[in-house]
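Contents: one structure, followed by commentary.
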Amino acid sequence: MFDDFFLRAVVAGVGLALTTGPLGCFIIWRRMAYFGDTISHSALLGVALSLLFQLNLTLSVFAVAALVSILLLFLQRRQALSADALLGILSHATLAIGLVIVAFMSWVRIDLIAFLFGDILAVTQSDIAVIWGGGIFVLAAIAWLWRPLLASTVNPELAEAEGLRPERARLFFMLLMAVVIAIAMKIVGILLITALLIIPAATARRFAATPETMAIFASLLGAIAVVGGLFGSLRYDTPSGPSIVVAALILFIISLLPLVRRSGTPAAQQRGQSS
Amino acid sequence: MLSSIDSKSRPLVSLHDVGVRRGGRWLVRGVDFSVSRGEIVTLIGPNGSGKSTSAKTAIGVLKPDEGRVERIANLKVGYVPQKLAIDWTLPLSVQRLMTLTGPLPERELIAALEAVGIAHLAKAEVQHLSGGEFQRALLARAIARKPDLLVLDEPVQGVDFNGEIALYDLIKSIRNSQGCGILLISHDLHVVMAATDTVVCLNGHVCCRGTPQTVSQSPEYVKLFGTRAAQSLAIYSHHHDHTHLPDGRVQHADGSITDHCHADDGHHHHEHDDHGHDHNHDHSKGERHV
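Top to bottom, those sequences are chains D and U. Following our numbering, the numbering of the first sequence begins with 1 at its first residue and continues without gaps. Following our numbering, the numbering of the second sequence begins with 1001 at its first residue and continues without gaps.
Next comes the structure, spelled out in structure tokens:
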């Protein structure tokens, strides 16, 4: 049962889930879920450009995602359109341009489904090296940026006033997102990356008392979802990327049940609501 | 030490003819003020008069579009912003909030929470605090880092009247004990005047400035806030006829010291007939110390 390809898939998936946990926490704390979607949709443009100019896939996906992030920062600063509308435009524009370019290249045959929904069972040794190497880099960077990121999540002006340079932290955070999307694309696919970022983090909220524990729990819950989803996909012959997301969703639903709530939390919540 | 001489002679922060423009409109223009060590400067003015903008420019959160801002090197700021909404998804206890922008020894963390009177809430999640408790937590966080300059944007929102006076007393005592400069923003006129050395009255520009007494008598102030505000300030000023000593006794303007502060104890040099409702404030303040 533990075929080589399956073991590779587990190792790759767990590596990715450990990385997406803390990043996903910031995405939900900062209400950037739609931003995550936009950046991951832009990955298809990266795929198309990599095929068109015969560039390294992961690098071109990263480059396009990073460019879109920076473009977004720039457009937001001009404050012409709401952030929501800008995200909607960029998200679907990059996805559509990517699809159009791919369609033009009649000489390349690509498995679009593999890019949209991931193909974790096809990961190679070198993919694993990229995922774990990139993951360790991202986690180290998050740890280094933790204080300014967290402070500017609470209030950017407060962070700025007290010398933490929130704009720089925000830029780095967006670049880290681009890295994660570039390495995650192969595992869960462009359309489902945000789910792997958000769902384990949302699940972790129920059990965490501090931002730090929430980040760690999100990583662990993501890893459990990956393993569970992969076993499910093997057993029921379902597509692996969506199966991982479904497993994450099941964990989230379990976390909503009253039984597993942190003791003390419900009472505290009722106090908060009644006052 | 060289730096201590320097810091005495130079203000912590000074604004020179500062203007901030957003979307083609000047939010403030021609703003001049400075905050020195041990000084409490209060910005007052109606809504939209540029109080927060001026304060944010002073601490470098906003960049001035004209004029210049001078800060001493490595100025350590403690900031209580006007609005702060923490998403429910962020699990943040009061204790964790305290070390948000820098590490803090446990002892100082507790001491700051005790100073604002919420030590019992150290483990509570910030989302479950009442408005007044949250404001105190923010103030504790800002003072715990022992800043050179404390910037408080409407620090007493959601705090009831007695708590408000207690917080202003606390702000004053922080100035006295830590020797930091304090930049205070308020539209809460007569209470804030108790704790302040210099008042800068803003309305898109500096309308008037000076000690609370001079400002309250200036025609620009009366024009901006109306005669009632000016009167309430004038009424306020009688609070200055006595000082609350640390041991709870009261020193009166004539130099005598009594255990209590009563309007009819003969140490007060004003009549009560013209006070209206402010009469009650006078008593609530006095009796808090009884």
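No residue lacks a Cβ here, since even glycine has one placed at the ideal position from N, Cα and C.
task = Run the CB neighbour count on Thr-20/D, radius 10 Å, all protein chains shown included, and call it buried at 16 or more, exposed below.
result = Counting Cβ neighbours within 10 Å, Thr-20/D comes out buried, since at least 16 surround it.
ask   = From the DSSP output, which residues share a beta bridge with Trp-1026/U?
value = Among the bridge pairs identified by DSSP, Trp-1026/U is matched with Arg-1021/U.
query = Quick one: what does DSSP say Arg-1068/U is sitting in, helix, strand or coil?
reply = Looking at Arg-1068/U - three-state DSSP - the assignment turns out to be strand.
ask   = Cα separation between Gly-24/D and Trp-107/D?
value = Going by C-alpha positions, Gly-24/D is about 38 angstroms away from Trp-107/D.
ask   = Looking at Asp-1148/U and Lys-1056/U, is the spacing between their C-beta atoms short of 8 angstroms?
value = No, the Cβ-Cβ distance between Lys-1056/U and Asp-1148/U is not below 8 angstroms.
message = Can you check whether the C-beta of Ser-275/D is within less than 8 angstroms of a C-beta belonging to chain U?
response = Residue placement at Ser-275/D is poorly supported in this model, since its pLDDT is 36, which falls under 50; the coordinates still yield a value, given next. So, interface residue.
message = Give the list of continuous beta strand (DSSP E) stretches no shorter than 3 residues that lie fully inside the region 89-117 of chain D.
response = The qualifying runs do not exist here; there are none.
key: Residues, ordered as in the chain, of the region 1027-1042 of chain U that lie near chain D by beta-carbon distance below 8 angstroms   = Of all residues in the region 1027-1042 of chain U, none has a C-beta nearer than 8 angstroms to a C-beta of chain D.
query = Is Ile-110/D buried or exposed, if buried means 16 or more other CB atoms sit within 10 Å of its CB?
reply = The residue in question, Ile-110/D, is exposed, as its Cβ has fewer than 16 Cβ neighbours within 10 Å.
task = Answer with buried or exposed for Asn-1203/U, where buried requires no fewer than 16 other C-beta atoms within 10 angstroms of its C-beta.
result = Around the C-beta of Asn-1203/U, 16 or more other C-beta atoms lie within 10 Å, and the residue is accordingly described as buried.
task = Determine the direct distance from the alpha carbon of Ala-1115/U to that of Asn-56/D, and round the result to whole angstroms.
result = In a straight line, the C-alpha of Asn-56/D is about 59 angstroms away from that of Ala-1115/U.
Under the three-state DSSP convention, the category Arg-77/D falls into = In the structure shown, Arg-77/D adopts helical secondary structure according to DSSP, grouped into three states.
key: is_contact[Asn-56/D, chain U] using C-beta, thresh 8 angstroms   = Interface criterion not met: the Cβ of Asn-56/D is under 8 angstroms from no Cβ in chain U.
As assigned by DSSP and simplified to three states, the class of Ser-1177/U = Ser-1177/U: helix per DSSP, three-state reduction.
request  = State the Cα-Cα distance for the pair Val-1018/U and Gly-1060/U, rounded to the nearest angstrom.
outcome  = Looking at the two C-alpha atoms, the distance is approximately 12 angstroms.
task = Give the secondary structure of Val-68/D by DSSP, where H, G and I count as helix, E and B as strand, and everything else as coil.
result = In the three-state DSSP reduction, Val-68/D falls in the helix class (H, G or I).
Touch test, the region 63-80 of chain D against the region 168-176 of chain D, Cβ-Cβ under 8 angstroms, three pairs minimum = The region 63-80 of chain D vs the region 168-176 of chain D: in contact.
ask   = What's the gap between the Cα of Ala-1058/U and the Cα of Asp-1065/U?
value = Rounded to whole angstroms, Ala-1058/U to Asp-1065/U spans 13 angstroms at the Cα level.
ask   = If you count every other CB in all the chains shown that lies within 10 Å of the CB of Ala-195/D, and 16 or more means buried, which is it?
value = Under this definition Ala-195/D is a buried residue.
Ile-181/D to Gln-1127/U span [Cα, whole Å] = Looking at the two C-alpha atoms, the distance is approximately 32 angstroms.
Beta strand (DSSP E) segment containing Gly-1317/U, residue limits = Residue 1317/U falls outside the range modelled here, since chain U spans only 1001 to 1290, and no answer is possible.
ask   = So which residues on chain U does Arg-205/D lean against when the C-beta distance must stay under 7 angstroms?
value = In chain order: Thr-1089 and Pro-1091.
ask   = By DSSP, does Glu-1125/U sit in helix, in strand, or in coil?
value = Glu-1125/U carries a strand assignment under DSSP once its states are collapsed to helix, strand and coil.
inquiry  = Do Pro-211/D and Leu-249/D have their beta-carbon atoms positioned less than 8 angstroms apart in this structure?
reply    = Taking a C-beta distance under 8 angstroms as the contact criterion, Leu-249/D and Pro-211/D do not qualify as a contact pair.
query = If you draw a straight line from the C-alpha of Val-123/D to the C-alpha of Phe-35/D, how long is it?
reply = Whole-angstrom Cα-Cα distance: 27 angstroms.
ask   = Expressed to the nearest angstrom, what Euclidean distance is found between the alpha-carbon atoms of Thr-238/D and Val-245/D?
value = The C-alpha of Thr-238/D lies about 12 angstroms from the C-alpha of Val-245/D.
ask   = Which value, in whole angstroms, describes the spacing of the CA atoms of Val-227/D and Gly-13/D?
value = Near 8 angstroms, if we compare the C-alpha coordinates of Gly-13/D and Val-227/D.
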